[in-house]
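So the structure is just underneath, and the comments pick up after that.
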């Protein structure tokens, strides 16, 4: 058996793959395994709105050729769900009861679409737009030129909305606390940004709190959103976009600190020396604000992957964001966000 | 069991259950060997139940969880309710508001097994679905002629009162408030615990001749009832007064003797007082923005009450994070679902007040997580220079409760936390004076109070009667075959239905959780692994065909060279081997076994037997 250290990355997204790339660059001999819950190779989630532009083949979204992993001696284990992390024995327990040992661990599981507690009962009647599978599910459910009601309207959702408008669909946003997430918009600026959405062709309605979603299959549209106020809106598809919630449940007995995400120092190390975290799953200590905060967007996530890998290899580099988090209203009245930039 | 028979005699006797069986209709050529029903005090049997039925071991009231869940599968709800009542006189109550340590321990929730069984809500299902006028089972003892006074009609007092009256004693409960129930009545909102459910269970706890006197104030004043007098009037006195004093908010710069700003400010109050006054029938008013400080059930209850009283923005402020607060995940979920915001990593250091003394905001200091405390919870470490203010219109403080000890007019030994100290026999430093529940342990949970009340009742009875009258044994009963199907392992956890948001806030009494319908209760009950079923291989009859190993869905049947025997006689680690020449036995690893029955069904020699092992209280 090889004596080379086994570096295990949980998560097959931007942070995890960037980390694997750097780890392999720094150490030709170490064993690198990426554990992925999904069935696909590393693909670009940010480009998923393109399914409405005719790019429906999953191969079109792959970031690397299929042979990339074997060429770089990186083991990618797909459809493997981590159920538990036994830090004392340095083993991951997978849902199918297999144990995978590690010397160092990087948690880069990212976030799942957050669904407010009051909407969870009706989750089966709504769509999310976080993975290739969920994107295709929504694509298939939506008739050409159909109407999408988007609850929340975070920046991931608004990116989707502008593609939907561009490709001939109708989009209605039901704004809430997390509209424009992860941007934090003051109450006084909010009307200005909502007006900008309307400039972009997105309808914005404000009927207050959503009470429930009804299945009206067989009618003209498949769904009806009912508000506490009693008003209703019909839709072919209801998509929930309330930002991301870090996927940390499997770490609950690992002995590392968790608030909403995994708490890490600026070097992206958790409260255990052998466990790092990167991407949307971690909250990084920020001295200036005396608190832990999330950093979102492709650029930040990719950089976190890089920094965590370098530190796992013995460096002592703190993470610093380079992303200006300002939400911009352009000259034509539409909005633009640094979180919509996703290319090297 | 005859008097001359010993446990060892019975254990060595084997019964061939298929004697006389028509072999033409069965495929077996072997004989399945089982033992008859027997009762054991053997450390290995007691230890087996403790280690292998984790829900029961975790339950402070020692509830036989698998047994009551199995009777729900059999649609015997009344029986299920009565199995609960053997350990806990408040099944309908605890089926709603229990802190559920059993679910944290449940084998179904272990890594790789999915979610724990919804044990608590199945308890409620037994209560909700039982037939009207079902037969209550009470193991009544002959009258003893002894008189016992219990102070406090909360969960510990009621639990003890029931068991002591069942044991034949004449019991009187003295209660300060107008209604019996203690914190259950005065501290828990009606939308979590309907009072008709509570009232019936309080009544059933006291119907064996317990006299309940309400509005009786214990103390040292002229009009107060004196403990010293009770000691003269009764053969024994049990104090179960709970923790009825709110712990004051330790604000920065506040010294002993200073006026507590939470009491002084018109728009601030303690959560305990807030709930108690509400349930005494007083009108409570909150502002639009309510800040609740605290991390327990009381804090969340206050926040949900505030929403129902018309608050728009309710936030609960906690020192650590959601992960470390001592409430159930369901409670956090329901609170958030109703709109409560839980804000972590902050410690209150001051109250901002206007010229009229009203609180306008709470000043917090930002925390980071520190080490673990002895109780498993986390330390919060304040970060210097990180203070900030959260504006609010009402502040409710619910950071804990403590006992009121100055009601005792005789000297009673206290521990270092100023709770009454009790010995191994449950008695305080005063002969004949016992104490139970939160009054001894400090603020805990309802199920702990129920369990402690029951434990102290047995100890009090032992002291009064000068002998042990009930002892704990293990009942071992053969079972014909598996009671589960493998398909049950794939049923997802059933979540309890709830009242729609549109009607939830109409009043303070509409119950938020509406309870399982029969179908849901059955589905959920089928998920229970029935951990009290013990599968064993008779190695004398085993032909080592490995068929059981081949069908096992998990790595639960092992070839071993030996088994560690611990000092207390229980079995420890298995010494597995893959080498045939070293195989000493084939062994079912009960940690891994999910009682699916696949091995039992496939065994060609019927050498696998199943027995049900349960804790049982036997008369001595």
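Residue numbers (my numbering), protein chains in the order written: chain B, 10 to 353; chain X, 3 to 622.
Glycine included, every Cβ here is placed at the ideal spot set by N, Cα and C.
>> Any beta carbon of chain X sitting closer than 7 Å to that of residue 19 of chain B?
In response: Interface residue (Cβ-Cβ distance to chain X less than 7 Å): residue 19 of chain B is not classified as such.
>> With H, G and I counted as helix, E and B as strand and the rest as coil, what does DSSP make of residue 369 of chain X?
In response: Strand at residue 369 of chain X.
>> Counting only Cβ-Cβ distances shorter than 7 Å, please list the residues of the stretch 335-366 of chain X near chain B, keeping chain order.
In response: Listed by position, the residues of the stretch 335-366 of chain X near chain B (Cβ gap below 7 Å) are 335, 338, 339, 346, 347.
>> Please state the DSSP three-state secondary structure of residue 161 of chain B.
In response: Strand.
> Helix, strand or coil for residue 68 of chain X per DSSP?
Replying inline: Per DSSP, reduced to three states, the secondary structure at residue 68 of chain X is helical.
> Does the beta-carbon distance from residue 246 of chain X to residue 406 of chain X come in below 7 Å?
Replying inline: Yes.
> How about residue 203 of chain X and residue 124 of chain X: do their beta carbons lie closer than 7 Å?
Replying inline: Contact flag unset, no.
> Hey, residue 310 of chain B and residue 24 of chain B: beta-carbon distance below 7 Å or not?
Replying inline: Yes, the Cβ-Cβ distance between residue 310 of chain B and residue 24 of chain B is below 7 Å.
> Under 7 Å Cβ-Cβ, which residues of chain X neighbour residue 126 of chain B?
Replying inline: Correct list: 335, 338, 339.
> Shorter than 7 Å from the beta carbon of residue 300 of chain B to some beta carbon of chain X?
Replying inline: Yes, contact with chain X.
>> Our contact map puts residue 469 of chain X next to residue 162 of chain X with C-beta atoms below 8 Å; I'd like the distance itself, whole angstroms only.
In response: Not a contact, Cβ separation roughly 19 Å.
>> Helix, strand or coil for residue 264 of chain X? Go by DSSP, reduced to three states.
In response: Helix.
>> When you compare the stretch 564-577 of chain X with the stretch 48-64 of chain X, are there three or more beta-carbon pairs, one atom per stretch, that lie closer than 8 Å?
In response: They touch, by the three-pair rule.
> Do residue 294 of chain X and residue 398 of chain X come within 7 Å of each other at the CB atom, strictly closer than that value?
Replying inline: Yes.
> With burial defined as no fewer than 16 other Cβ atoms inside 10 Å of the residue's Cβ, what is the status of residue 261 of chain X: buried or exposed?
Replying inline: With fewer than 16 Cβ atoms within 10 Å of its Cβ, residue 261 of chain X is classed as exposed.
> In this structure, does DSSP put residue 351 of chain B in helix, strand or coil?
Replying inline: Residue 351 of chain B sits in coil when the DSSP states are folded into three classes, being neither helix nor strand.
> Quick one: which chain X residues come within Cβ less than 9 Å of residue 86 of chain B?
Replying inline: Within chain X, no residue comes near residue 86 of chain B; the closest Cβ sits about 16 Å away, beyond 9 Å.
> Exposed or buried, which one is residue 589 of chain X when buried takes at least 16 other CB atoms within 10 Å?
Replying inline: With 16 or more other Cβ atoms within 10 Å, it is buried.
> So who's on the other strand from residue 223 of chain B, going by DSSP bridges?
Replying inline: Residue 223 of chain B is bridged to B:233.
> Would a check of beta-carbon distances place residue 467 of chain X closer than 7 Å to chain B?
Replying inline: Cβ-Cβ to chain B under 7 Å: no for residue 467 of chain X.
> What did DSSP end up calling residue 455 of chain X once you bin it into helix, strand or coil?
Replying inline: Three-state result, residue 455 of chain X: helix.
> Run through DSSP, which three-state label would residue 103 of chain X get?
Replying inline: In the structure shown, residue 103 of chain X falls within a helical segment according to DSSP collapsed to helix, strand and coil.
> Roughly how many whole angstroms lie between the Cα atoms of residue 29 of chain X and residue 608 of chain X?
Replying inline: Below a pLDDT of 50, predicted positions are generally treated as unreliable, and residue 29 of chain X, at 37, falls in that range; the measurement from the model is reported next regardless. Spanning the two alpha carbons is a distance of roughly 10 Å.
>> For a test of the three-state rule: what should DSSP assign to residue 532 of chain X, helix, strand or coil?
In response: Assigned with DSSP and collapsed to three states, residue 532 of chain X falls in coil, not helix or strand.
> Would residue 290 of chain X count as contacting chain B if we go by Cβ distances under 7 Å?
Replying inline: No, residue 290 of chain X does not count as interfacial toward chain B.
> Between the Cα of residue 330 of chain B and the Cα atoms of B:277, B:341, B:282, B:20, which residue gives the shortest distance?
Replying inline: Selection B:277, B:341, B:282, B:20 evaluated against residue 330 of chain B yields B:277 as nearest (Cα-Cα).
>> Going by C-alpha to C-alpha distance, which of X:612, X:224, X:181, X:223 sits closest to residue 215 of chain X?
In response: Checked all of X:612, X:224, X:181, X:223; the closest Cα to residue 215 of chain X is X:181.
>> Check for me: the alpha helix (DSSP H) holding residue 51 of chain X runs from which residue to which?
In response: Per DSSP, residue 51 of chain X belongs to the alpha helix (DSSP H) from 45-54.
> If we call anything under 7 Å between Cβ atoms a contact, is residue 403 of chain X one with residue 274 of chain X?
Replying inline: Cβ atoms of residue 403 of chain X and residue 274 of chain X: closer than 7 Å.
> Would you call residue 65 of chain X buried or exposed, if buried means 16 or more other Cβ atoms sit within 10 Å of its Cβ?
Replying inline: Flag for residue 65 of chain X reads buried.
>> Using 7 Å as the threshold, is the C-beta distance between residue 44 of chain B and residue 86 of chain B below it?
In response: Cβ atoms of residue 44 of chain B and residue 86 of chain B: closer than 7 Å.
> Using a C-beta to C-beta distance shorter than 8 Å, which residues of chain B count as neighbours of residue 114 of chain X?
Replying inline: Correct list: 92, 93, 102, 103, 104, 105, 106.
>> DSSP three-state label for residue 268 of chain B, please.
In response: Under the three-state reduction of DSSP output, residue 268 of chain B falls in the coil class, being neither helix nor strand.
>> So, does the stretch 49-64 of chain B touch the stretch 66-79 of chain X, judging by three or more C-beta pairs under 8 Å?
In response: Touching, no.
> On the three-state DSSP scale, how would you describe residue 138 of chain B?
Replying inline: In the structure shown, residue 138 of chain B sits in coil (DSSP, three-state: anything other than H, G, I, E or B).
> Using the C-alpha atoms, what's the distance from residue 62 of chain B back to residue 154 of chain B?
Replying inline: Between the alpha carbons of residue 154 of chain B and residue 62 of chain B lies a gap of roughly 13 Å.
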